[in-house]
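Here the structure comes first, spelled out in structure tokens, and everything after it is commentary.
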Amino acid sequence: TYNGHWNATGSGNFADFRFSDVYRWDDGSNGGTTDDVQTASELNLVRSAIEPASQMQPILDGGGFTQVNHPETAKALPASCRGCAWTYTDNQTDWSKVSALEIQNGAAGIPSTSPNSMNPFT
């Protein structure tokens, strides 16, 4: 997502990973013909936006654990990695429902024979 992402692991319960509004495209639903061309009038709201915290408790209840992925990566430079940093508020997240934080997800240095800068994804 544009505000960060997380893992849900080992649970018997489903968590919806789509935190923004969810729409369904119904081709021709606006009274027109079925033409495989998506128009705004053919998008029907299925569900309004939800907060991450609402999906974490079902994972925990199902015996799993939750993990916010690289919450600080590129937080100061969002244009360099859109959606990398976790930018949901504390209330939207409810950190008491987060089991783990991903703190490294790549090599320490930029891949090369002689890395001279840190990998931003660590």
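For the sequence shown, the positions run 728 to 849 when this note's numbering is used.
Each residue gets a CB set at the ideal place from its N, CA and C atoms; glycine is no exception.
Notebook entry, point to check: Would you report the Cα separation of residue 817 and residue 744, rounded to the nearest angstrom?
Noted result: Taking the Cα positions, residue 817 is about 18 angstroms away from residue 744.
Item checked: Every unbroken beta strand (DSSP E) within the segment 792 to 816, with a cutoff of 3 residues, ordered by chain -> The qualifying runs are 792 to 795.
Check: Are residue 773 and residue 751 closer than 8 angstroms when you measure CB to CB?
Finding: A distance below 8 angstroms separates the beta carbons of residue 773 and residue 751.
Checklist line | Straight-line gap, residue 760 to residue 771 (C-alpha atoms, nearest Å) | finding: The alpha-carbon separation between residue 760 and residue 771 amounts to approximately 17 angstroms.
Next item on the list: Give the DSSP-derived three-state secondary structure of residue 728 in the structure shown.
Entry: Residue 728: coil per DSSP, three-state reduction.
Next item on the list: Check whether the Cβ atoms of residue 753 and residue 769 lie closer than 8 angstroms to each other.
Entry: Contact flag set, yes.
Check: Taking the alpha-carbon positions, what's the residue 823 to residue 767 distance?
Finding: Taking the straight line joining both Cα atoms gives about 39 angstroms.
Margin query: My output table needs one value for residue 767: the three-state DSSP class, helix, strand or coil.
Written below: Residue 767: helix per DSSP, three-state reduction.
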